[in-house]
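Residues 9 to 155 in our numbering are what the sequence shown spells out, letter by letter.
For reference, the structure is listed below as structure tokens.
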Amino acid sequence: MVTTATARRYVPDLKALQRTCDTNYLALMKLLPSGAMVGESRSVGINDQLLFVIKVLEMAPYTWHVSVEQCSPNLPCFMRMRVKVRLYHDVRMAEVCASQQIFMLKPSYHYPNKNMHHPNEKEQVNFFLAEWLRCCLHHGFSTVKQV
Numbered sequence: 009m010v011t012t013a014t015a016r017r018y019v020p021d022l023k024a025l026q027r028t029c030d031t032n033y034l035a036l037m038k039l040l041p042s043g044a045m046v047g048e049s050r051s052v053g054i055n056d057q058l059l060f061v062i063k064v065l066e067m068a069p070y071t072w073h074v075s076v077e078q079c080s081p082n083l084p085c086f087m088r089m090r091v092k093v094r095l096y097h098d099v100r101m102a103e104v105c106a107s108q109q110i111f112m113l114k115p116s117y118h119y120p121n122k123n124m125h126h127p128n129e130k131e132q133v134n135f136f137l138a139e140w141l142r143c144c145l146h147h148g149f150s151t152v153k154q155v
């Protein structure tokens, strides 16, 4: 008798993802300049070796695109955190839309896949951003508005 193993398809936990996106929105709005314009950025230092820069890339009436980038001189470029986040002002959510070398995150991935993305890659990246933002809000020693 031959049995075929059927892989269970990953189903995203939408409630958990929405909670994370809500939290990320509130945290990013605290860290961004109040009257932000395209091209403005804010630096957040955690310690002498760890600095993050949040930059406004695009603005529309209901959405903004911002980048969050780690600027640590001792780390090689490929190890530095770099994400692009879309802020939805009408629903007060922030979603990671690009991370590191992934230029467009899918809701889920079949596993295994060519690039070896996790089935819940999008959830993990949004959760990672939430952890980083929490660290910035609790341990950041300076925020400097840059033009």
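Every residue gets a Cβ at the ideal spot worked out from N, C-alpha and C, and that includes glycine.
Item	Value
Strand pairing of Thr71, partner residues [DSSP]	Tyr96
Cβ neighbour criterion (16 or more within 10 Å) applied to Arg50	buried
Three or more C-beta pairs below 8 Å linking the stretch 84–92 and the stretch 17–25	no
Segment contact flag, the stretch 95–102 with the stretch 29–45, C-beta cutoff 8 Å, min 3 pairs	yes
Presumed contact (8 Å Cβ cut-off) between Cys144 and Leu39, rounded CB distance	6 Å
Cα-Cα separation between Asn134 and Ser107, rounded to whole angstroms	10 Å
Rounded Cβ spacing between Val61 and Cys79 (contact assumed at less than 8 Å)	6 Å
Where Leu59 falls: helix, strand or coil (DSSP)	strand
With 16 other Cβ atoms within 10 Å as the buried cut-off, status of Val76	buried
Nearest residue (CA-CA) to His96, options Met67, Ala24, Thr71, Glu131	Residue identity differs from the one stated: residue 96 is Tyr in this sequence, not His. Closest by alpha carbon: Thr71.
Euclidean distance between Cα positions of Lys130 and His147	26 Å
Close-in-space but distant-in-sequence residues of the same chain around His73 (CB under 6 Å, 5 per side omitted)	Leu65, Glu66, Arg94
Which residues DSSP lists as bridging Met37, in chain order	None; Met37 has no bridge partner.
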